[in-house]
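**Q** Residue numbers (this note's numbering), protein chains in the order written: chain A, 6 to 432; chain B, 6 to 432; chain C, 6 to 432; chain D, 6 to 432.
Note that beta-carbon positions come from the ideal geometry of N, C-alpha and C, so glycine has one too.
Just so you know, these numbers come straight off a predicted model, no measurement behind them.
Here you go, one structure.
4 protein chains.
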Amino acid sequence: MSHSRTVEIEGHIIDSGTMQRCFGAVMDLGGSFDVEQFDVGTHEEAESYCRMAVSADDSETLQAILHELHQNGAVLDDPTDVDLVAAPADKVVPPDFYSTTNHPTEVLYDDEWIDVERIEMDCALIVEPEGGPRAYTKVLNAVEEGDLVATDESGIRVNPPERPRSGGGAFGFMQGGVSSERPSESTIREVAEELREVTEDGGNVMVVAGPAVIHSGAGDALAKLVEAGYVDSLSAGNGFATHDLERSLYGTSLGMDVETLEHPRKGHKHHIWTISEIIRAGGIEAAVEDGIVTEGVMYQCVRNDVDTVLAGSIRDDGPLPDTVTDAVEAQDAIREQAHDADIVLMLATLLHSVAVGNCLPSTTKTVCVDINPATVTQLLDRGSAQAVGMVTDIGTFVPTLAEFVLEGEEGEVAVGADGGHPQAGDE
Amino acid sequence: MSHSRTVEIEGHIIDSGTMQRCFGAVMDLGGSFDVEQFDVGTHEEAESYCRMAVSADDSETLQAILHELHQNGAVLDDPTDVDLVAAPADKVVPPDFYSTTNHPTEVLYDDEWIDVERIEMDCALIVEPEGGPRAYTKVLNAVEEGDLVATDESGIRVNPPERPRSGGGAFGFMQGGVSSERPSESTIREVAEELREVTEDGGNVMVVAGPAVIHSGAGDALAKLVEAGYVDSLSAGNGFATHDLERSLYGTSLGMDVETLEHPRKGHKHHIWTISEIIRAGGIEAAVEDGIVTEGVMYQCVRNDVDTVLAGSIRDDGPLPDTVTDAVEAQDAIREQAHDADIVLMLATLLHSVAVGNCLPSTTKTVCVDINPATVTQLLDRGSAQAVGMVTDIGTFVPTLAEFVLEGEEGEVAVGADGGHPQAGDE
Amino acid sequence: MSHSRTVEIEGHIIDSGTMQRCFGAVMDLGGSFDVEQFDVGTHEEAESYCRMAVSADDSETLQAILHELHQNGAVLDDPTDVDLVAAPADKVVPPDFYSTTNHPTEVLYDDEWIDVERIEMDCALIVEPEGGPRAYTKVLNAVEEGDLVATDESGIRVNPPERPRSGGGAFGFMQGGVSSERPSESTIREVAEELREVTEDGGNVMVVAGPAVIHSGAGDALAKLVEAGYVDSLSAGNGFATHDLERSLYGTSLGMDVETLEHPRKGHKHHIWTISEIIRAGGIEAAVEDGIVTEGVMYQCVRNDVDTVLAGSIRDDGPLPDTVTDAVEAQDAIREQAHDADIVLMLATLLHSVAVGNCLPSTTKTVCVDINPATVTQLLDRGSAQAVGMVTDIGTFVPTLAEFVLEGEEGEVAVGADGGHPQAGDE
Amino acid sequence: MSHSRTVEIEGHIIDSGTMQRCFGAVMDLGGSFDVEQFDVGTHEEAESYCRMAVSADDSETLQAILHELHQNGAVLDDPTDVDLVAAPADKVVPPDFYSTTNHPTEVLYDDEWIDVERIEMDCALIVEPEGGPRAYTKVLNAVEEGDLVATDESGIRVNPPERPRSGGGAFGFMQGGVSSERPSESTIREVAEELREVTEDGGNVMVVAGPAVIHSGAGDALAKLVEAGYVDSLSAGNGFATHDLERSLYGTSLGMDVETLEHPRKGHKHHIWTISEIIRAGGIEAAVEDGIVTEGVMYQCVRNDVDTVLAGSIRDDGPLPDTVTDAVEAQDAIREQAHDADIVLMLATLLHSVAVGNCLPSTTKTVCVDINPATVTQLLDRGSAQAVGMVTDIGTFVPTLAEFVLEGEEGEVAVGADGGHPQAGDE
């Protein structure tokens with residue numbers, strides 16, 4: 006890597022998370038670091054000091070890395086005076102104006118570090134040279150023509166808050182985590198790629214699904230993923246299976262109901278009737294074999310030998326004969342599925358997702374999708390080391406995921422692949 | 006209408022909402038009614054009585070209507086004994102088993118109305134003839150072979166709870182509103198059709214949009230709707246416009262950022278810089294004319310003469326010179342837009358949607374979309390008579406809506422239409 | 006009732022809910038009505054007409070009733086010209102100014118009904134007599150000195166939107182329900198009174214509780230309610246009981262943890278250890294008898310013979326030997342509790358509340374409290390006729406409720422009551 | 006500190022956050038560390054190594070610290086074989102059983118580190134000595150009498166997942182943050198203490214309040230805090246002030262309405278009328294001086310010279326003459342308040358809280374309270390270094406806070422303090 010600069014960082018930089026963020030930034034942005042000196046404070050009051058060279062393949066990447074390090078308090082080891090450019094007009098800033106953080110900040114002017122007054126984020130930083138130089142922030146619409154505006158980051162030092170040495174009582178120490186709001190589609194695309202990779206590598210994909218998957222009309226898309234071999238195990242409840250079976254049992258006429266939903270209570274009668282019919286047939290597999298059930302997620306699971314666990318709950322109707330009503334027995338079955346999984350998709354179910362999450366090693370990748378932010382947060386807190394959380398409508402997530410997974414497949418085929426995808430020959 | 010039956014309803018049926026639901030059910034399901042007698046209780050303790058003939062074009066529809074009326078307490082005027090069929094096996098019910106409501110219920114057996122014991126919804130209704138006949142509910146898995154199970158609805162009378170004569174204190178009177186969870190896609194399709202109809206009829210479509218529309222990547226889809234002539238006015242804030250302009254100003258490179266979002270704070274600098282550039286150009290329209298802004302929602306609004314109001318707020322950066330910073334002045338401008346609108350789409354913004362909603366007559370159709378259920382509920386409470394609320398991800402809603410609106414348009418053209426759609430020839 | 010006026014209402018007033026709201030308003034406000042004429046439209050296109058006399062004990066109540074009827078489209082049978090008063094200053098309205106609704110409106114001026122222009126809610130209504138009289142709305146800050154402002158409601162006719170004759174597609178017909186945001190404390194006070202009444206009448210109080218009741222520190226308050234005899238049955242899960250028992254088992258040291266929560270994972274070890282100890286003792290009742298468990302909700306339930314059902318779930322640790330792990334068996338036990346209850350408190354648990362709600366007749370009063378609005382909405386939709394929903398923190402709700410219930414009790418005693426409250430003598 | 010042990014930690018321990026958590030745990034728990042050796046990996050692939058002595062005043066604290074370090078992968082520098090104790094009965098574990106994490110784990114048995122199979126959290130760890138020793142987890146109800154269960158933490162090594170060396174795509178690296186659900190009351194107590202301390206030290210308390218504070222009935226409590234001198238500046242909107250003034254203007258009769266809320270629309274007329282009256286008086290201060298407004302938050306703010314900013318918004322009625330309708334002007338006024346504040350209470354308002362948060366340095370303490378978790382999360386993400394977030398009902402938070410603040414005051418006085426509290430003499 007041909008582009009390199011050396012930076013210094015000091016303070017309580019380990020326990021405040023500063024070094025973690027700095028090392029992370031270098032790696033995330035594709036750079037490399039070489040620690041030249043690292044003096045770790047030997048006790049809690051002692052500060053630490055780190056000097057490291059940071060490198061990147063191109064100057065643009067290096068700039069991006071230095072920007073992140075700067076925001077975390079790093080300074081170039083050979084700082085020069087702040088670069089000042091006069092504002093070209095009222096409310097207009099020069100091209101490379103420095104945009105402030107909300108942390109205490111200093112500027113190097115005439116070889117002296119001056120404190121910046123009126124700290125506030127996303128402002129311009131103005132230096133007033135006359136009368137003992139002063140530096141302060143200005144919001145955009147207060148900038149006046151001729152104001153000396155700081156540009157670039159050289160000569161500017163940020164001091165992010167450090168972890169209090171003694172506990173802060175109710176006040177938690179915030180690390181200013183960057184919560185990037187990612188565009189939905191690109192995230193779903195990445196999940197689709199991961200799903201394809203795991204499957205191609207012979208790995209195990211576990212799906213945990215709630216009844217909202219069927220209610221929202223996403224059942225067909227999930228059935229397609231099962232049919233195409235992207236699901237190895239399914240963990241769900243009596244409600245999920247019954248809703249799915251009901252759609253199959255009532256064929257196209259039920260299709261109309263999904264559009265119009267005129268008779269919700271009549272619908273509930275269908276629900277009970279579906280369970281009664283499956284009981285009469287002797288279970289889901291028998292109902293598939295007898296040709297009673299001819300489509301849907303459960304149908305595809307039977308046809309594709311997907312390891313399925315339906316766990317009972319106190320709010321179940323019926324239940325179906327396939328439902329494991331004993332909580333301990335169901336938990337044991339779920340445990341086996343969870344231990345075998347390489348990636349778990351948790352789709353719109355808090356109860357089943359928590360049950361699965363309780364059994365997962367922290368090394369299993371998890372994807373959690375729910376319309377309720379609290380559900381997503383709760384599941385991500387469970388401790389997977391690599392996790393994706395999405396707050397979105399399951400009725401659009403699953404179809405979009407299926408489209409991306411399956412179009413990737415076709416794309417590959419189109420390019421001339423031999424259809425090496427598992428089960429691709431079946432369909 | 007050739008199929009017809011006569012029913013009777015009695016009790017406090019007006020103030021308990023029973024008649025409203027009964028008349029509504031007939032009309033919703035495409036039937037017709039003929040009130041033969043209606044005695045309205047003349048004071049608050051007096052009960053009312055209604056006898057009406059209900060008709061439908063086919064017996065299936067008539068059955069559906071009678072089912073709804075039955076659930077609301079209506080009884081055929083010539084009730085016959087309950088139909089009983091023996092359960093064919095344990096946990097299996099006969100085909101047309103009657104599924105209970107949770108309201109007090111009676112069955113007509115041997116010409117006498119007997120109270121049903123153990124009222125609970127979604128159960129089978131069992132009649133035990135011996136020893137002074139008894140009737141009670143059983144959940145599916147308690148049903149035993151040979152149990153006499155009620156089928157159909159004849160000979161069964163439901164008594165929905167009536168409004169308490171005196172106020173219930175903290176306890177509100179619930180009317181058991183049927184909250185149908187509709188599949189997302191079919192609802193979006195109906196909104197798309199409405200949008201096309203209003204536009205084809207020369208009506209006015211108002212869009213109220215929050216910054217999440219842009220953050221979630223839905224800006225392109227909204228820009229397409231504007232370009233295709235489906236938006237007559239846009240009501241938004243400084244943040245929405247700035248995010249949209251930023252995407253345009255930073256061209257394809259910004260496109261990459263939307264994918265990766267590596268530098269969120271750098272992103273914020275872009276935000277301030279965008280405002281600074283628009284100020285330098287003299288406003289959004291000037292920036293479009295100068296070729297600085299070349300795509301996006303604001304670009305299309307300028308190009309298609311969309312009536313745009315950007316209202317300021319205390320959390321704005323900048324603001325843009327186009328932003329109306331005075332709340333009273335902004336409110337007046339929004340009021341003009343609202344009074345002209347025939348349909349309003351409220352997209353992921355509580356603040357602007359409430360401001361618009363305050364000015365709307367109750368006759369304007371409204372569509373409100375937000376990921377937060379509380380926002381949707383609050384907006385629907387404002388009092389439009391015809392409203393759609395969807396709790397979903399704006400990042401998938403707008404693209405799906407645009408797809409349905411625009412595909413409908415092509416479909417029409419394909420059928421040989423003359424391209425009468427406004428502006429269809431422009432692009 | 007000495008004060009009386011006669012009003013007329015016409016249109017699709019039954020299926021649009023107008024009559025329901027009008028009758029309801031009279032009763033809610035303590036008035037009385039006497040229907041003089043009611044012509045019900047005999048088919049769906051025919052309009053209905055109602056003329057009724059409304060009475061109240063005092064003129065203030067009568068005014069309040071007439072105001073509500075007016076808002077729903079009723080007109081006095083002897084309407085007089087609108088009362089106009091000149092605005093005393095810019096932006097200042099006369100005392101009894103008429104505040105508009107958002108519905109189409111007419112004013113009677115010179116014996117003619119004129120349409121009001123620019124309909125918008127919460128505005129003043131201005132009449133301009135010159136040049137063929139006009140009427141329109143003005144927001145407060147547009148009112149100018151001398152504007153003729155309508156006062157009172159006489160001579161003003163509101164036309165609320167009517168239910169569309171044919172289905173509105175995706176667009177639901179909104180009835181403009183008045184969602185009163187009630188001050189929290191007064192609602193809790195009413196629930197407390199209801200609880201006391203039910204208990205004093207020998208009724209049955211059922212509590213459904215989630216683990217958040219204990220986590221949030223509300224366990225002590227619930228234990229006090231049990232101890233004082235206000236709880237007849239408890240429906241909960243393994244988690245609720247274990248958390249409660251853990252607090253008891255670890256005595257004061259655990260009390261400290263509840264304050265500081267330094268070792269959450271150590272806390273979880275306590276959780277497992279608690280279950281292990283109860284298993285060793287042979288169950289909760291045995292643990293109470295052996296003096297192992299000496300306080301808390303479960304302790305009080307054992308001591309006060311509260312009918313307790315702990316239902317298992319797939320996310321349970323352990324479980325405790327008292328937990329019913331089979332979902333069907335647990336459901337049956339819950340069903341018995343639900344059928345016996347006169348009032349049910351659902352405290353911060355969706356799973357158990359839905360299970361209980363499924364078994365409840367619509368005549369049982371329910372109170373549902375959760376921090377998540379979606380949970381509250383879902384439970385209220387289940388169809389109790391008399392229900393209270395509160396979106397609030399369970400950690401403050403239960404202590405406040407207990408305080409109100411128990412202070413009421415003391416209050417009664419203080420007044421000289423003989424302590425007739427059940428079990429009051431026990432403590 | 007007399008108790009001490011030495012531990013070793015190795016791996017990518019800086020960028021995975023391990024060292025931050027370890028140093029933090031020692032300090033949080035009141036211990037002390039002495040780093041004996043710290044070799045920092047000089048580039049991204051190189052692992053780091055840390056050996057440090059940990060001390061505490063008593064052995065219990067030391068154990069607590071070692072437990073936390075252990076969970077983060079630290080091992081004693083002189084590890085001994087795992088301690089095994091036979092399970093005394095089925096489903097019963099020995100007292101000090103080791104409760105597993107969900108991270109890969111090893112046990113030292115016969116001087117060799119063996120991998121633990123079937124990793125899952127909150128389980129017992131069983132060692133099977135025969136046949137080449139094996140170790141695996143068992144959930145509580147699978148434990149059998151005689152199983153050799155690991156106790157304590159010696160001889161057990163946990164390997165928390167490390168940050169992937171290359172970016173994980175959509176999958177974020179989770180640090181297993183401990184989200185302690187704190188009992189509500191103890192947190193409010195800590196905030197109350199902080200408020201008292203800041204005020205006693207002559208610091209500046211800023212309150213940002215939304216209209217829900219008044220709607221929920223918490224206005225009286227806030228007024229008491231203002232009266233007692235605990236509020237230096239108030240940042241709110243037109244709606245907040247109007248609701249508060251309306252309560253004062255309508256005196257006790259309005260008090261009744263807050264209880265019953267019978268006439269919500271009549272209530273809205275009061276709202277407009279209140280604004281009209283304040284306009285007539287010439288503003289809030291004038292209305293207080295004229296004796297028109299005699300109680301409430303705004304009254305106390307005028308009487309106690311609280312620096313008040315009412316910012317306008319496009320959804321305002323009126324507005325009041327005191328409302329700053331220009332967004333830029335309002336923002337500047339808010340900025341001055343924010344820069345002066347030492348602690349900020351954000352009460353049930355997203356709009357105003359974001360506006361204030363945008364201007365705050367990261368060193369200002371913030372307390373954010375809202376019923377909506379998304380609001381709290383969004384505000385805490387803004388980057389205060391010391392922040393408290395509470396998802397709770399504002400209607401119970403403010404009265405409880407006021408009670409704790411004011412009872413603390415009396416308590417102090419009771420103890421014999423000289424009443425040095427500002428303004429304490431006034432009341």
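(1) Is there a Cβ of chain A sitting closer than 9 Å to that of N146 of chain B, yes or no?
(2) The beta strand (DSSP E) spanning S9 of chain A covers which residue range?
(3) Which of helix, strand or coil does DSSP assign to S159 of chain D?
(4) Residues of chain B with CB closer than 8 Å to the CB of L356 of chain D, please, in chain order.
(5) Using CA atoms only, rank isn't needed, just tell me which of C:L355, C:S191, C:A226 and C:G323 is closest to A241 of chain C.
(6) Less than 9 Å between the beta carbons of N77 of chain A and T110 of chain A, yes or no?
(7) Tell me, to the nearest whole angstrom, how far the beta carbon of S367 of chain B is from that of H108 of chain C; I am working on the premise that it is less than 8 Å.
(8) Helix, strand or coil: how does DSSP classify Y304 of chain A here?
(9) Measure from the C-beta of M351 of chain B to each C-beta in chain C and report whether the shortest distance is under 9 Å.
(10) Determine, using beta carbons only, whether R123 of chain D comes closer than 9 Å to chain A.
(11) Quick test of your reading: K370 of chain A and E199 of chain A, contact by CB under 8 Å. State the CB separation rounded to the nearest angstrom.
(12) Show which residues of chain C have a CB atom less than 7 Å away from the CB atom of T330 of chain A.
(13) Contact check, T105 of chain B vs M126 of chain B under 8 Å by CB: the rounded distance?
(14) In terms of residues, what are the limits of the beta strand (DSSP E) holding A61 of chain C?
(15) Name the chain B residues whose beta carbon is nearer than 9 Å to that of T47 of chain C?
(16) Output the distance between the C-alpha atoms of S7 of chain B and I283 of chain A, rounded to the nearest integer angstrom.
(17) Is the beta carbon of V361 of chain C sitting closer than 9 Å to the one on V349 of chain C?
(18) Of the choices B:C364, B:T47, B:H75 and B:L34, whose alpha-carbon is the least far from that of V12 of chain B?
(19) State the Cα-Cα distance for the pair L230 of chain B and D398 of chain B, rounded to the nearest angstrom.
(20) For R340 of chain C, which residues in the same chain have their Cβ closer than 7 Å to its Cβ, ignoring the five residues on either side in sequence?
(21) Among B:I70, B:Y54, B:E50 and B:T247, which has the Cα closest to the Cα of A61 of chain B?
(22) Count the other CB atoms within 10 Å of the CB of S64 of chain C; is the residue buried (16 or more) or exposed (fewer)?
(23) Anything in the stretch 231 to 255 of chain C with a Cβ closer than 7 Å to a Cβ of chain B? List those residues in chain order, please.
(24) What residues from chain C crowd round I277 of chain A, counting only those whose CB sits closer than 7 Å?
(25) Can you tell me whether H268 of chain D is helix, strand or coil according to DSSP?
(26) Which full runs of the beta strand (DSSP E) of 3+ residues lie inside the stretch 275 to 334 of chain C, going along the chain?
(27) For a minimum of 3 consecutive residues, which ranges assigned as the beta strand (DSSP E) are wholly contained in the stretch 194 to 265 of chain A?
**A** Taking the structure as given:
(1) Residue mapping note: residue 146 of chain B aligns to position 141 of the second sequence, counting from 1. With a threshold of 9 Å between beta carbons, N146 of chain B makes contact with chain A.
(2) Locating residue 9 of chain A in the first sequence gives position 4, counting from the first residue. In the DSSP assignment, S9 of chain A falls within the beta strand (DSSP E) that extends over H8 to G16.
(3) Reading the fourth sequence from its first residue, position 154 is the one you call residue 159 of chain D. Coil at S159 of chain D, not helix or strand.
(4) Here the question's residue 356 of chain D lines up with position 351 in the fourth sequence. Within chain B, the residues placing a beta-carbon under 8 Å from that of L356 of chain D are S318, I319, R320 and L356, ordered along the chain.
(5) Residue 241 of chain C sits at position 236 when you count from the first residue of the third sequence. If we check each option's Cα against that of A241 of chain C, C:L355 comes out closest.
(6) Translated into positions along the first sequence, residue 77 of chain A becomes position 72. Translated into positions along the first sequence, residue 110 of chain A becomes position 105. In this structure, T110 of chain A does not lie closer than 9 Å to N77 of chain A by Cβ.
(7) Taking the second sequence and counting its residues from 1, one reaches residue 367 of chain B at position 362. Taking the third sequence and counting its residues from 1, one reaches residue 108 of chain C at position 103. About 5 Å separates the two Cβ atoms, so the contact holds.
(8) In the first sequence, counting from the first residue as 1, residue 304 of chain A sits at position 299. The DSSP-derived three-state label of Y304 of chain A is helix.
(9) Looking up residue 351 of chain B in the second sequence gives position 346. So, not an interface residue.
(10) On the fourth sequence, position 118 is the one that residue 123 of chain D refers to. At a cut-off of 9 Å between C-beta atoms, R123 of chain D counts as an interface residue with respect to chain A.
(11) Taking the first sequence and counting its residues from 1, the one referred to as residue 370 of chain A is at position 365. Taking the first sequence and counting its residues from 1, the one referred to as residue 199 of chain A is at position 194. About 7 Å separates the CB atoms of K370 of chain A and E199 of chain A; that is less than 8 Å, so the two are in contact.
(12) As a first step, residue 330 of chain A is located in the first sequence; it is residue number 325 there, counting from the start. Near T330 of chain A (Cβ distances below 7 Å), the residues of chain C are D331, A332 and V333.
(13) Mapped onto the second sequence, residue 105 of chain B falls at position 100. Mapped onto the second sequence, residue 126 of chain B falls at position 121. Taking a contact as a CB-CB distance under 8 Å, the pair T105 of chain B and M126 of chain B counts as one, their CB atoms being some 6 Å apart.
(14) To locate residue 61 of chain C, count along the third sequence from 1; it is residue 56. First-last of the beta strand (DSSP E) with A61 of chain C: S53 to A61.
(15) Taking the third sequence and counting its residues from 1, the one referred to as residue 47 of chain C is at position 42. Taking a Cβ-Cβ threshold of 9 Å, the residues of chain B close to T47 of chain C are F38, D39, V40, E41, F43 and M57, in chain order.
(16) Residue numbering aside, residue 7 of chain B sits at position 2 when the second sequence is read from its first letter. Residue numbering aside, residue 283 of chain A sits at position 278 when the first sequence is read from its first letter. Distance between the alpha carbons of S7 of chain B and I283 of chain A is about 37 Å.
(17) Counting from one through the third sequence, the residue named residue 361 of chain C turns up at place 356. Counting from one through the third sequence, the residue named residue 349 of chain C turns up at place 344. At a Cβ-Cβ threshold of 9 Å, V361 of chain C and V349 of chain C count as neighbours.
(18) As a working mapping, residue 12 of chain B is identified with position 7 in the second sequence. Out of B:C364, B:T47, B:H75 and B:L34, B:H75 has the C-alpha closest to the C-alpha of V12 of chain B.
(19) By one-based count along the second sequence, residue 230 of chain B stands at place 225. By one-based count along the second sequence, residue 398 of chain B stands at place 393. So the alpha carbons of these two residues sit roughly 18 Å apart.
(20) As a first step, residue 340 of chain C must be located in the third sequence, where it is residue number 335. Excluding sequence neighbours, R340 of chain C sits near C364.
(21) Counted from its first residue, the second sequence places residue 61 of chain B at position 56. Out of B:I70, B:Y54, B:E50 and B:T247, B:I70 has the C-alpha closest to the C-alpha of A61 of chain B.
(22) As a first step, residue 64 of chain C is located in the third sequence; it is residue number 59 there, counting from the start. Exposed is the label assigned to S64 of chain C, since fewer than 16 other Cβ atoms lie within 10 Å of its Cβ.
(23) Residues: none.
(24) Looking up residue 277 of chain A in the first sequence gives position 272. Going along chain C, no residue has its Cβ under 7 Å from I277 of chain A, so there is no contact; the nearest lies around 12 Å.
(25) By 1-based counting over the fourth sequence, the position of residue 268 of chain D is 263. The pLDDT assigned to H268 of chain D is 39, lower than 50, so where the model puts this residue is not dependable, and the model offers no usable value.
(26) Residue ranges of uninterrupted beta strand (DSSP E) with 3 or more members, entirely inside the stretch 275 to 334 of chain C and ordered along the chain, are 312 to 316.
(27) Restricting attention to beta strand (DSSP E) runs no shorter than 3 residues, the stretch 194 to 265 of chain A encloses them at 210 to 214 and 238 to 242, ordered along the chain.
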